[in-house]
Amino acid sequence: MTIISISLNEKLLGELDLLKEDMGFSGRSDVVRAAARMLIDENKQSSKISGNVNAVLFLIHSQKVEDKITFIKHDYEDIINTQIHSHLKEDNCLEIFILEGDSLRIKELARNFRKCGKMEHLKLIVF
3 MTIISISLNE KLLGELDLLK EDMGFSGRSD VVRAAARMLI DENKQSSKIS GNVNAVLFLI
63 HSQKVEDKIT FIKHDYEDII NTQIHSHLKE DNCLEIFILE GDSLRIKELA RNFRKCGKME
123 HLKLIVF
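Take the sequence shown: its letter number 25 is residue 27 in our numbering, and every next letter is one higher.
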């Protein structure tokens with residue numbers, strides 16, 4: 003098995019350790035492998051989506067990057083039906099986008115949010 007090195011901040015490392023204990027993984031590497039498998043599977047499922055779809059996109063991000071969210075979302079007003087913004091604890095924000103349109107545009111929007119590297123959490127659910 004190939005060995006790789008990754009960097010995690012203390013908060014993420016702590017959450018990974020809690021996950022290890024809560025779910026009974028034998029070590030951190032097992033958690034990372036399981037997470038990688040889940041992300042790969044999610045990407046495979048997403049690649050099968052086509053045509054005109056409805057979707058909900060959930061984002062959690064730091065309040066400090068609000069301008070980045072605004073910049074990205076303006077290019078996708080054609081597929082955004084509704085956006086809900088809520089302030090969370092620890093200066094985080096929750097964004098919920100209700101989307102309708104071409105699946106390629108919807109996946110592109112999610113990819114651009116993910117690519118900006120400022121999201122604490124991102125989840126796209128397609129119907």
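The beta carbon of each residue, even a glycine, is placed where N, CA and C say it ideally should be. Keep in mind that this is a model prediction, so the values were computed, not measured.
>> Strictly by DSSP, which residues pair up with C95?
In response: Stepping through the sequence shown from its first residue, residue 95 is reached at position 93. DSSP lists H63, H89 as partners of C95.
Legend entry - Status (buried if at least 16 other CB within 10 Å, exposed otherwise) for F99: Start at 1 with the first residue of the sequence shown, and residue 99 comes out as number 97. Its Cβ being crowded by 16 or more others within 10 Å, F99 is buried.
Checklist entry - If you draw a straight line from the C-alpha of Q65 to the C-alpha of K117, how long is it? => result Your numbering for residue 65 matches position 63 in the sequence shown. Your numbering for residue 117 matches position 115 in the sequence shown. Near 18 Å, if we compare the C-alpha coordinates of K117 and Q65.
Counting along the chain, where does the alpha helix (DSSP H) carrying K46 start and finish? What you label residue 46 is simply residue 44 of the sequence shown in a count that begins at 1. 30-49 is the extent of the alpha helix (DSSP H) around K46.
C-beta contact flag for L126 and S49 at 9 Å:
On the sequence shown, residue 126 is found 124 positions in, with the first residue counted as 1. On the sequence shown, residue 49 is found 47 positions in, with the first residue counted as 1. No. Outside cutoff.
_By the DSSP assignment, the alpha helix (DSSP H) with E79 in it spans what residues?_
Looking up residue 79 in the sequence shown gives position 77. According to the DSSP assignment, E79 belongs to no alpha helix (DSSP H), since it is labelled neither H nor E.
- Query: Taking the C-alpha atoms as reference points, what is the distance between E12 and L18?
  - Reply: Here the question's residue 12 lines up with position 10 in the sequence shown. Here the question's residue 18 lines up with position 16 in the sequence shown. Distance between the alpha carbons of E12 and L18: 10 Å.
- Item | Cβ neighbours of L20 in the same chain (closer than 6 Å, five flanking residues each side left out) | Start at 1 with the first residue of the sequence shown, and residue 20 comes out as number 18. Within the same chain, L20 has no close Cβ partners at all.
Inter-stretch contact (C-beta, 8 Å, three-pair minimum) for the stretch 26-36 and the stretch 85-102
Short answer: they don't touch.
### Task
State the beta-bridge partners of E102 as determined by DSSP.
What you label residue 102 is simply residue 100 of the sequence shown in a count that begins at 1. DSSP lists N56 as partners of E102.
Exercise for review: Could you tell me how far apart the beta carbons of K120 and H63 are, in whole angstroms, since I believe they sit closer than 8 Å?
Suggested key: The residue you call residue 120 lines up with position 118 of the sequence shown. The residue you call residue 63 lines up with position 61 of the sequence shown. The Cβ separation is near 6 Å, so the contact holds.
Q. According to the neighbour-count rule (16 or more other Cβ atoms, all chains shown, within 10 Å of its Cβ), is L10 buried or exposed?
A. Here residue 10 refers to the residue found at position 8 when the sequence shown is read from its first residue. When all chains shown are included, L10 counts as exposed.
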